[in-house]
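Peer 1: One structure follows; several queries about it will come next.
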Amino acid sequence: MKAVPYVLIRKPSLKALGVGLIPFVAMCFSISWWDRVFPFIFGLPFSIFWIVAWILITPLFMAVAYRIETARIAAEARRKEGGAKHE
Amino acid sequence: MSNSTVALSVIFAIVLISSAVGMYAGARRKMNLEQWTVAGRGFGLVLVWLLMAGEVYTTFAFLGASGWAYSRGGPTLYIMAYLTLAYVVSFFFLPQLWEIGKKFGMQTQSDFFRQRYGSKNLAAFASLIGVVFIIPYLQLQLTGLGIIVEVSGFGGIGRITAMIIAFALVAAFVFVSGVRGVAWISVIKDLLMLFAVFFIGLALPYMYFGGVGEMFTALVNAKPTHLTLPGATKVMGHSWYISTVLLTSLGFYMWPHLFGATFTAKSGNTLRKNAVIMPLYTITMPLIFFVGFTAILVVPGLKNGDLALLTIVRQSYPPWFLGIIGAAGALTAMVPAAILILAAATLFAKNFYREMISPGLTDDQVAKLARALVIVITSIALYFAIYSSTTLVNLLLIGYAGVTQFLPGVTFGLYWGRVTKAGVFTGLVTGIAVVAYLGLSKQDPFMGINAGFFALCVNFVVTLIVSLMTPAEANRFEQDPVSADQAKGSVQS
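Keeping their order, the protein sequence lines are chains W and R. With our numbering, letter number 83 in the first sequence gets 88, and the count goes up by one each step, no holes. With our numbering, letter number 312 in the second sequence gets 314, and the count goes up by one each step, no holes.
And the structure:
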């Protein structure tokens with residue numbers, strides 16, 4: 006992967022934050038929906054299956070957030086170089 | 003040879019070999035303050051991953067999580083959720099933190115407060131709070147080590163003797179190797195831990211019930227409410243779960259040692275990538291839970307749930323195998339303990355002692371003082387480990403309630419220009435006071451939510467209001483490092 010140009014301090018984008026919120030909703034806020042034993046799925050009680058599934062799904066969402074952030078950073082760096090000489 | 007001799011010999015052999023590897027890695031480089039604390043800022047993705055995994059998967063995960071699964075049931079699910087979500091949180095501020103750390107040459111968490119708010123009192127106070135709440139986490143590791151040696155010794159070695167041995171090993175290890183040695187010993191620790199967890203997590207349910215699904219069926223038949231919240235507790239319901247997951251996932255990187263580990267990375271983007279892959283490491287946690295759940299039906303009636311994992315292993319396998327599992331457990335206690343001691347010693351020497359008491363110290367003298375403090379800090383934790391008896395998970399939650407109070411100062415410091423040092427200081431003091439009051443008066447959970455989370459909310463509100471009421475200050479992160487350095491001598495608070 007090529008190096009990403011970076012300038013101080015860049016707030017994370019709302020889009021990336023929105024993507025990051027999804028695992029929070031799934032594993033944290035929605036507990037009253039999935040805190041149950043039945044049905045068993047793959048031999049696991051439902052709540053444990055749900056959490057394990059989200060451990061595996063979360064990196065996919067974070068990979069999306071990563072692409073959003075790095076694309077934005079690269080675009081901003083290009084704009085900056087186009088406008089003025091570097092530094 | 004007796005059972006205990008076999009088990010203990012295996013443990014000591016593995017621990018000694020690993021320590022030798024760590025010391026070798028550390029001893030090859032000349033140790034100055036920068037090398038000792040942030041390894042010269044040269045760690046790539048793999049080493050940062052290993053170092054962070056080494057810090058995260060402590061004896062808390064190994065013995066504490068299985069212990070809570072055994073004794074409390076449902077509420078333990080919070081551990082899998084927060085260990086995953088903490089990395090989600092880290093994605094949104096660690097890369098920025100690294101950039102700032104690089105720009106101003108930061109080594110510790112208090113350096114952040116010092117630089118952002120220009121107040122040595124605030125920085126010194128933050129370092130004291132950091133050291134105070136590292137102690138229960140360190141105590142947790144020593145207690146875990148004590149349990150391991152005790153159970154593996156089949157009762158032949160007392161817990162106090164066991165903890166003193168552990169204490170000596172850990173202190174010697176930190177003393178010699180610094181952060182680089184710790185990262186390399188993490189490699190051995192992680193491999194051993196992965197092996198141990200995958201093996202016993204699947205083999206034990208199979209051995210006693212014929213499979214994981216069968217084990218859960220038997221458990222649900224025997225204890226229908228154990229796996230849902232509040233499980234075997236009365237007070238840990240859904241609002242406790244949500245507030246505890248929020249507290250611990252938001253507070254995760256507020257631990258001074260994890261905050262400091264950020265600065266070992268080679269680039270900010272290393273940390274961003276790290277945040278994407280780290281959640282996968284949590285996949286070992288369900289397997290540890292399986293062991294705790296299996297133990298409920300196989301070795302019922304243990305007074306201390308923290309003993310569950312080792313007791314069932316001791317009952318099910320020959321002593322040499324208990325030795326291997328015990329060694330994996332011992333390393334998962336020693337590596338994080340080493341890192342915690344390192345962080346606490348550096349914080350105290352650099353950000354408290356040098357700032358407040360003896361400003362003339364050079365970096366080399368600070369490094370020497372930090373090494374001497376290793377013994378003092380470890381002794382304090384050893385004292386608490388011997389004289390108090392809280393469960394491992396509770397010790398961790400006490401620490402979290404404290405260190406998470408740094409969150410407003412850190413996030414506002416990075417992202418909100420209007421925050422003032424008076425706001426952060428008042429918020430931090432109020433947050434810690436609320437934690438201490440609710441903790442000491444045994445009101446945790448407070449109205450159904452985690453007391454630390456309640457304190458965090460109060461802290462945020464106070465920081466916000468006081469900042470808006472005090473005059474705006476310049477954001478020192480926007481100054482260039484040279485003038486900021488010059489300002490250091492003259493800025494008073």
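Heads up, the beta-carbon is just placed ideally off N, CA and C, and yes, glycines get one too.
#1: Taking only beta carbons into account, state which residues of the region 239-263 of chain R come closer than 9 Å to chain W, listed in chain order.
#2: Beta-carbon of residue 420 of chain R versus every beta-carbon of chain W: anything under 9 Å?
#3: Give every residue of the same chain whose Cβ lies closer than 7 Å to the Cβ of residue 308 of chain R, excluding the five residues on either side of it in the sequence, and list them in chain order.
#4: Would you tell me roughly how many angstroms separate the C-alpha atoms of residue 326 of chain R and residue 14 of chain W, rounded to the nearest one?
#5: Under 9 Å Cβ-Cβ, which residues of chain R neighbour residue 15 of chain W?
#6: Residues in the region 136-154 of chain R with C-beta within 7 Å of chain W's C-beta atoms, listed in sequence order?
#7: Nearest to residue 250 of chain R by alpha carbon, out of R:424, R:81, R:21, R:448?
#8: Short check: CB of residue 233 of chain R to CB of residue 78 of chain R, under 9 Å?
#9: So, under 8 Å CB-CB, residue 217 of chain R and residue 296 of chain R are touching, yes? Tell me the CB distance rounded to an integer number of Å.
#10: Name the residues in the region 45-64 of chain W whose C-beta lies less than 8 Å from a C-beta of chain R; which are they?
#11: Any beta carbon from chain W within less than 9 Å of residue 74 of chain R's own beta carbon?
#12: Can you give me the C-alpha to C-alpha distance between residue 115 of chain R and residue 416 of chain R, rounded to a whole angstrom?
#13: Taking all protein chains shown into account, decide if residue 145 of chain R is buried (16 or more other Cβ within 10 angstroms of its Cβ) or exposed.
#14: Spatial neighbours of residue 54 of chain W within its chain, please: CB distance less than 7 Å, with the 5 preceding and 5 following residues excluded, ordered by chain position.
#15: Within the chosen definition, does the region 299-313 of chain R reach the region 121-139 of chain R through at least 3 CB pairs nearer than 8 Å?
#16: Determine whether the Cβ of residue 68 of chain W lies closer than 9 Å to any Cβ atom of chain R.
#17: Could you give the C-beta distance for residue 66 of chain W and residue 28 of chain W, rounded to a whole number, given that I count them as a contact under 8 Å?
#18: Given that residue 334 of chain R touches chain W, what residues does it touch there, using C-beta distances under 9 Å?
#19: If distances are taken between C-alpha atoms only, which option among R:428, R:400, R:59, R:26 comes closest to residue 199 of chain R?
#20: Any idea if residue 120 of chain R is buried or exposed, counting beta-carbon neighbours within 10 angstroms, 16 or more meaning buried?
#21: Closer than 7 Å by C-beta to residue 377 of chain R: which residues in its own chain qualify, once you throw out the five before and the five after it? Chain order, please.
#22: Mind checking whether residue 513 of chain R and residue 73 of chain W have CB atoms under 9 Å apart?
#23: Going by DSSP in three states, residue 90 of chain W sits in which element: helix, strand or coil?
#24: Can you pull the chain R residues whose beta carbon is under 8 Å from the beta carbon of residue 30 of chain W, in chain order?
#25: Suppose contacts are defined by Cβ-Cβ distances below 9 Å. Is residue 255 of chain R in contact with residue 266 of chain R by that definition?
#26: Residue 276 of chain R: buried (16+ other C-beta within 10 angstroms of its C-beta) or exposed?
#27: Return helix, strand or coil for residue 267 of chain R, following the three-state DSSP convention.
#28: Under 8 Å, CB to CB, which of the residues in the region 70-88 of chain W have a partner in chain R?
#29: Since residue 46 of chain W sits in a beta bridge, which residues does DSSP pair it with?
#30: Do residue 437 of chain R and residue 453 of chain R have their C-beta atoms within less than 9 Å of each other?
#31: What does residue 218 of chain R touch in chain W if you count any residue whose Cβ is under 9 Å from its own?
Peer 2: Concretely, from the data shown:
#1: Cβ contacts with chain W come from 240, 243, 244, 247, 248, 251.
#2: By this cut-off, residue 420 of chain R is not an interface position.
#3: Hits under 7 Å: 65, 66, 69, 149, 393, 394.
#4: 47 Å
#5: 97, 98, 101
#6: none
#7: R:81
#8: Yes, the Cβ-Cβ distance between residue 233 of chain R and residue 78 of chain R is below 9 Å.
#9: 5 Å
#10: Residues of the region 45-64 of chain W that bring their beta carbon within less than 8 Å of a beta carbon in chain R comprise 45, 47, 48, 49, 50, 52, 53, 56, 57, 59, 60, 61, 63, 64, in sequence order.
#11: no
#12: 11 Å
#13: buried
#14: 46, 47
#15: Short answer: they don't touch.
#16: At a cut-off of 9 Å between beta carbons, residue 68 of chain W contacts chain R.
#17: Between residue 66 of chain W and residue 28 of chain W, the beta carbon gap of about 6 Å places them in contact (Cβ cut-off 8 Å).
#18: Chain W residues near residue 334 of chain R: none, gap ~19 Å exceeds 9 Å.
#19: R:59
#20: It counts as buried.
#21: 173
#22: The question about residue 513 of chain R has no answer, for chain R in this structure spans 3 to 495.
#23: Residue confidence for residue 90 of chain W is low, a pLDDT of 48 falling below 50, so the modelled location carries little weight; the figure read from the coordinates is stated next. Looking at residue 90 of chain W - three-state DSSP - the assignment turns out to be coil, as it is neither helix nor strand.
#24: The contacting residues do not exist; residue 30 of chain W stays about 11 Å from chain R at best.
#25: no
#26: buried
#27: strand
#28: 70, 71, 74, 75
#29: W:49
#30: For residue 437 of chain R and residue 453 of chain R, yes; Cβs fall inside 9 Å.
#31: 42, 45, 48, 49, 50, 53
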